[in-house]
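Data first, discussion second: the structure below is written as structure tokens.
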Amino acid sequence: MQLDRLVNFHKTVGDKTRLRIIGLLKEGPLHGQAIAGKLGLTPPTISHHITKLKEIDVIVQRRDKNTIYYHLNERKLSLLASAITKLGDEEMNTEFQVSDEEKLKVLSNFFDDNGQLKSIPAQLKKRLIVLEHIIKGLEPGKSYPEPKINEHIKKYHEDFATIRREFIMHHFMTRDKGYYELNPRELWLI
Numbered sequence: 001m002q003l004d005r006l007v008n009f010h011k012t013v014g015d016k017t018r019l020r021i022i023g024l025l026k027e028g029p030l031h032g033q034a035i036a037g038k039l040g041l042t043p044p045t046i047s048h049h050i051t052k053l054k055e056i057d058v059i060v061q062r063r064d065k066n067t068i069y070y071h072l073n074e075r076k077l078s079l080l081a082s083a084i085t086k087l088g089d090e091e092m093n094t095e096f097q098v099s100d101e102e103k104l105k106v107l108s109n110f111f112d113d114n115g116q117l118k119s120i121p122a123q124l125k126k127r128l129i130v131l132e133h134i135i136k137g138l139e140p141g142k143s144y145p146e147p148k149i150n151e152h153i154k155k156y157h158e159d160f161a162t163i164r165r166e167f168i169m170h171h172f173m174t175r176d177k178g179y180y181e182l183n184p185r186e187l188w189l190i
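Quick note: the sequence shown uses full-length UniProt numbering, first residue 1, plus one each step.
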């Protein structure tokens, strides 16, 4: 299923018009009329392509009074574009190089003897280690309804909503219509 997401990403951006839109938005946010004018296309055509790019979270929109501006989600674009080169890598994809010893220290500081999370770490590096530990009990390729994810998280901490949100924000999981699935390890921020 996760490979399907990578294939969908590449199919979506594998269109000349969409690549041109991405190129324009790299220079800064634009509204639909401006994009249509710069590309010499009709607003409905631009709207169609922007919808496709929003579906894969490469473009986000923000309203300023009566105008909707489109912004490039460069971080997501970079993660998805580089994920294909990391497929099959055994090494951990990490922004933060963390030794096994350091992980054990963080886990022993934040989890009690019963495996309960005492508190969610404020420091991002430690929070990612904790999230990675909690997510280990979930199976790759399996879709989980939200209540099952909540149940899994409650084994570790009562604030399942915050941890579930953190899973999504840090690309451990994706959510689609109330179902959650692990992302490939290459997309995780740790």
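Glycine residues also receive a C-beta, built at the ideal position from the N, C-alpha and C atoms.
Straight-line CA distance for Asp64 to Glu74?
Position 64 of the sequence shown, counting from 1, holds the residue named residue 64. Position 74 of the sequence shown, counting from 1, holds the residue named residue 74. Answer to the nearest angstrom: the Cα atoms are 21 Å apart.
Residues near Arg127 in its chain [Cβ-Cβ closer than 6 Å; skip 5 each side]
Translated into the one-based positions of the sequence shown, residue 127 becomes position 127. Excluding sequence neighbours, Arg127 sits near Pro121.
Going straight from the alpha carbon of Ser143 to that of Gly178, what length do you get?
Working through the sequence shown from its first residue, we reach residue 143 at position 143. Working through the sequence shown from its first residue, we reach residue 178 at position 178. Spanning the two alpha carbons is a distance of roughly 10 Å.
Closest residue to Ile84 among Gly40, Glu158, Ile68 and Asn8 (Cα-Cα distance):
In the sequence shown, counting from the first residue as 1, residue 84 sits at position 84. Taking only the C-alpha atoms, the option nearest Ile84 is Asn8.
Rounded Cβ spacing between residue 191 and Ile56 (contact assumed at less than 8 Å):
Residue numbering for the chain in the displayed model covers 1 to 190; residue 191 lies beyond these limits and cannot be assessed.
Could you tell me the distance, in whole angstroms, from the CA atom of Ser82 to the CA atom of Pro147?
Start at 1 with the first residue of the sequence shown, and residue 82 comes out as number 82. Start at 1 with the first residue of the sequence shown, and residue 147 comes out as number 147. Between Ser82 and Pro147, the C-alpha separation is close to 32 Å.
Work out the CA separation of Ile46 and Leu25 for me, nearest whole Å.
Indexing the sequence shown from 1 puts residue 25 at position 25. Indexing the sequence shown from 1 puts residue 46 at position 46. Distance between the alpha carbons of Leu25 and Ile46: 13 Å.
Any idea what DSSP makes of His157, helix, strand or coil?
For the purposes of this step, residue 157 is identified with residue 157 of the sequence shown, where counting begins at 1. Coil.
Where Thr51 sits in the DSSP three-state scheme
Your numbering for residue 51 matches position 51 in the sequence shown. Correct three-state label for Thr51: helix.
Counted within 10 angstroms of its Cβ, other Cβ atoms place residue 266 as buried (16 or more) or exposed
The chain is shown from 1 up to 190; residue 266 falls before or after that span and cannot be answered.
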